[in-house]
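Numbering (the working numbering), first residue to last: 572 to 1026.
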């Protein structure tokens, strides 16, 4: 039997069934090569049974196909965030400012790559771009592996890792969404992308923290593990079914939801819901996993302690997904408002944690800020995907991710401003900014319309 071809048919509501002109529903999303309208015209006696068997096989393949691009997003996310634990090794030879600069430096390569590679994946296909991203991720780890601790070489490696992340996250998320269009639950693509990304972000620093804390030559071992993971992921993505490239023609969906990315990015919902909340996605996460382990003494377990904080933060982001789904069913505004409320509570808890040095409070704060990260990530992705048409979905997702990475500057701001004022006071001031972002949701969805999910 030939390899099944996955054909993703875009929709404003993810995974919703296609409708015929008469209003009846029809299946979509998976077809076998040659299984067209005339496939059953041969009159063969066993054709109905064979067709049914082929349909079942195709459905099974379609249900799991998204896991292949998700594995690439996971692996690249692992390589991008494992540095949160490994950087503990470099604190002995580099200044605190250099260490924090290295942590956020990969955003220098990530943001341009997000915007460029999104468009390139529309032309060349998601698979080629994702394979290149995996190779770049391994290259970045190799450069840092052979850096000898030199700041400039590590910086170059981090920028390469950033380029790989920008090449993977936008096209990878779009590909997962396209292969999830046959799922029964609406919004499956956004949730699956968020879980894959977050799992990689969590597993990387957790395992790397264990390596740094207890294994010899941690700078070597940690990066070798990631390079080996890339080698395992490459054939998985190589065999992934290709989604259909965006059509060049105009259809009712793309006209209705904005034929151009500019129209989507200047829409009221994007400007009032996505723009003010997106920076808090990684703003909440990085304050927890990068700023707090420095501000709160962890004793002799700095490396593994930082890994545990990262795992709790990002693990909470995964665990909150079912709740995010239920909130989204209630209203489009609910997950955004719950996410920003969690940011406010988390920053206030972070201020109290820094003031008291309590490790118990550190764990609670990590869970709250991680929940905020998860809520805002999946709700932002879902709204961005629903606003975008099939021809601009990758670009819109790339812009969303670019906005989220503004949050990587938050730990640096906490450290810099913390030298002028008390760090706890800086975190309280940050919570006031989060209140302003929460207030913007009232403009996006006025209270009298909060139960509606439309724009």
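For glycine and all other residues, C-beta sits at the position ideal for the given N, C-alpha and C. Note that the structure is predicted; figures quoted are calculated from it, not measured.
- Query: From residue 776 to residue 673, what does the alpha carbon distance come to, in whole angstroms?
  - Reply: Reading the chain shown from its first residue, position 205 is the one you call residue 776. Reading the chain shown from its first residue, position 102 is the one you call residue 673. Answer to the nearest angstrom: the Cα atoms are 15 Å apart.
- Relative to the C-alpha of residue 734, which residue among 920, 704, 933 is closest? The count along the chain shown starts at 1 and reaches residue 734 at position 163. Ranked by how close their Cα comes to the Cα of residue 734, the residues 920, 704, 933 have 704 in first place.
- Task: Locate the alpha helix (DSSP H) running through residue 722, then write down its first and last residues.
- Result: Position 151 of the chain shown, counting from 1, holds the residue named residue 722. Unbroken alpha helix (DSSP H) run through residue 722: 722-750.
- Message: Using the Cβ count rule (16 or more neighbours within 10 Å means buried), how would you classify residue 1006?
- Response: Numbered from its first residue, the chain shown carries residue 1006 at position 435. Counting Cβ neighbours within 10 Å, residue 1006 comes out exposed, since fewer than 16 surround it.
- Touching by the beta-carbon criterion (3+ pairs, under 8 Å), the segment 964-974 and the segment 911-921: no
- Task: Under 8 Å Cβ to Cβ from residue 658, same chain only, skipping five residues before and after it: list those, please.
- Result: The residue you call residue 658 lines up with position 87 of the chain shown. Around residue 658, the same chain offers 670, 673, 674 as residues with beta carbons nearer than 8 Å, after the five sequence neighbours per side are excluded.
- What do you get for residue 1016, buried or exposed, if any count of 16 or more other CB atoms within 10 angstroms of its CB means buried? As a working note, residue 1016 is residue 445 in the chain shown. Buried is the call here.
- Is DSSP giving residue 994 helix, strand or coil here? Reading the chain shown from its first residue, position 423 is the one you call residue 994. Looking at residue 994 - three-state DSSP - the assignment turns out to be helix.
- Task: Please report how far the alpha carbon of residue 1011 lies from the alpha carbon of residue 999, in whole angstroms.
- Result: The sequence position of residue 1011 within the chain shown is 440, counting from 1. The sequence position of residue 999 within the chain shown is 428, counting from 1. Approximately 19 Å, taken between the alpha carbons.
- Measure the CB-CB distance between residue 922 and residue 855 and report whether it falls below 8 Å. As a first step, residue 922 is located in the chain shown; it is residue number 351 there, counting from the start. As a first step, residue 855 is located in the chain shown; it is residue number 284 there, counting from the start. Contact: no.
- Please classify residue 980: does DSSP put it in a helix, a strand, or coil? Your numbering for residue 980 matches position 409 in the chain shown. Reduced to three states, the DSSP call for residue 980 is helix.
- Item | Residues near residue 662 in its chain [Cβ-Cβ closer than 7 Å; skip 5 each side] | If you number the chain shown from 1, residue 662 lands on position 91. Same-chain partners within the cutoff: 670.
- residue 881 to residue 861 span [Cα, whole Å]: Taking the first residue of the chain shown as position 1, residue 881 is located at position 310. Taking the first residue of the chain shown as position 1, residue 861 is located at position 290. Rounded to the nearest angstrom, the two C-alpha atoms are 8 Å apart.
- Query: Can you give the Cα-Cα distance for residue 1002 and residue 644, rounded to whole angstroms?
  - Reply: Here the question's residue 1002 lines up with position 431 in the chain shown. Here the question's residue 644 lines up with position 73 in the chain shown. Each residue's Cα considered, the two are about 31 Å apart.
- Query: Roughly how many whole angstroms lie between the Cα atoms of residue 740 and residue 641?
  - Reply: In the chain shown, residue 740 corresponds to position 169, counting from 1. In the chain shown, residue 641 corresponds to position 70, counting from 1. Rounded to the nearest angstrom, the two C-alpha atoms are 10 Å apart.
- 6 Å Cβ shell around residue 869 - same chain, five flanking residues per side excluded: Position 298 of the chain shown, counted from the start, is the residue given in the question as residue 869. Hits under 6 Å: 876.
- Item | The alpha helix (DSSP H) enclosing residue 975, as first and last residue numbers | For the purposes of this step, residue 975 is taken as the residue at position 404 of the chain shown. 964-975 is the span of the alpha helix (DSSP H), which, as asked, contains residue 975.
- Assign residue 1014 to buried or exposed, taking buried as 16 or more other Cβ atoms, counted over all protein chains shown, within 10 Å of its Cβ. As a working note, residue 1014 is residue 443 in the chain shown. When all chains shown are included, residue 1014 counts as exposed.
- Going by the beta-carbon positions, is the gap between residue 801 and residue 793 smaller than 8 Å? Residue numbering aside, residue 801 sits at position 230 when the chain shown is read from its first letter. Residue numbering aside, residue 793 sits at position 222 when the chain shown is read from its first letter. No, the Cβ-Cβ distance between residue 801 and residue 793 is not below 8 Å.
- Item | Anticipated Cβ contact below 8 Å, residue 769 with residue 945, distance rounded | For this step, residue 769 is matched to residue 198 along the chain shown. For this step, residue 945 is matched to residue 374 along the chain shown. Their Cβ separation, rounded to whole angstroms, is 7 Å, which keeps residue 769 and residue 945 in contact under 8 Å.
- Span of the alpha helix (DSSP H) holding residue 844? The residue labelled residue 844 in the question sits at position 273 within the chain shown. No alpha helix (DSSP H) contains residue 844, which DSSP labels as neither H nor E.
- How many Å lie between residue 908 and residue 850 at the Cα? Mapped onto the chain shown, residue 908 falls at position 337. Mapped onto the chain shown, residue 850 falls at position 279. If you take the alpha carbons of residue 908 and residue 850, they lie about 15 Å apart.
- Which full runs of the beta strand (DSSP E) of 3+ residues lie inside the segment 634-691, going along the chain? none
- Query: When you compare each of 864, 692, 938, 715 to residue 795 by their alpha carbons, which one comes out closest?
  - Reply: Taking the chain shown and counting its residues from 1, the one referred to as residue 795 is at position 224. With distances taken between Cα atoms, residue 795 lies closest to 715.
- Query: If we ignore side chains and look at the alpha-carbon of each, how far apart do residue 608 and residue 752 end up?
  - Reply: Taking the chain shown and counting its residues from 1, the one referred to as residue 608 is at position 37. Taking the chain shown and counting its residues from 1, the one referred to as residue 752 is at position 181. Interpretation of residue 608 is limited by its pLDDT of 43, a score under 50 that renders its predicted location unreliable; no figure is taken from the coordinates.
- Could you check where the alpha helix (DSSP H) with residue 800 kicks off and where it finishes? On the chain shown, residue 800 is found 229 positions in, with the first residue counted as 1. That run of the alpha helix (DSSP H) goes 789-809.
- Query: Between which two residues does the alpha helix (DSSP H) containing residue 936 stretch?
  - Reply: For this step, residue 936 is matched to residue 365 along the chain shown. Taken as a continuous stretch (DSSP letters only), the alpha helix (DSSP H) holding residue 936 covers 930-958.
- Message: Taking the straight line between their C-alpha atoms, what separation do you get for residue 858 and residue 836?
- Response: By 1-based counting over the chain shown, the position of residue 858 is 287. By 1-based counting over the chain shown, the position of residue 836 is 265. Between residue 858 and residue 836, the C-alpha separation is close to 27 Å.
- Item | C-alpha distance - residue 790 paired with residue 950, whole-angstrom precision | To locate residue 790, count along the chain shown from 1; it is residue 219. To locate residue 950, count along the chain shown from 1; it is residue 379. Each residue's alpha carbon lies about 36 Å from the other.
- Rounded distance between the beta-carbons of residue 952 and residue 765, thought under 8 Å: Residue mapping note: residue 765 aligns to position 194 of the chain shown, counting from 1. Residue mapping note: residue 952 aligns to position 381 of the chain shown, counting from 1. About 6 Å; that satisfies the 8 Å criterion.
- Item | Residue ranges of each alpha helix (DSSP H) within the segment 834-909, 4 or longer | 850-857, 863-866, 873-890, 892-901
- Item | Continuous alpha helix (DSSP H) assignments of at least 4 residues falling wholly in the segment 754-785 | 759-785
- Task: Counting only the same chain and skipping the five closest in sequence on each side, list residues whose C-beta sits under 6 Å from that of residue 744.
- Result: Numbered from 1 along the chain shown, position 173 holds the residue referred to as residue 744. Around residue 744: 764, 968.
- Message: In this structure, how does DSSP classify residue 831 when only helix, strand and coil are distinguished?
- Response: The residue you call residue 831 lines up with position 260 of the chain shown. In this structure, residue 831 counts as coil in the three-state DSSP scheme.
- Task: Compute the beta-carbon to beta-carbon distance between residue 840 and residue 958, rounded to the nearest angstrom, for a pair I have assumed lies under 8 Å.
- Result: Stepping through the chain shown from its first residue, residue 840 is reached at position 269. Stepping through the chain shown from its first residue, residue 958 is reached at position 387. Sure, about 6 Å apart at Cβ, within 8 Å.
- Item | Cutoff 6 Å; reference residue 1009; Cβ partners in own chain excluding five residues on either side | In the chain shown, residue 1009 corresponds to position 438, counting from 1. Cβ neighbours of residue 1009 beyond the five flanking positions: 911.
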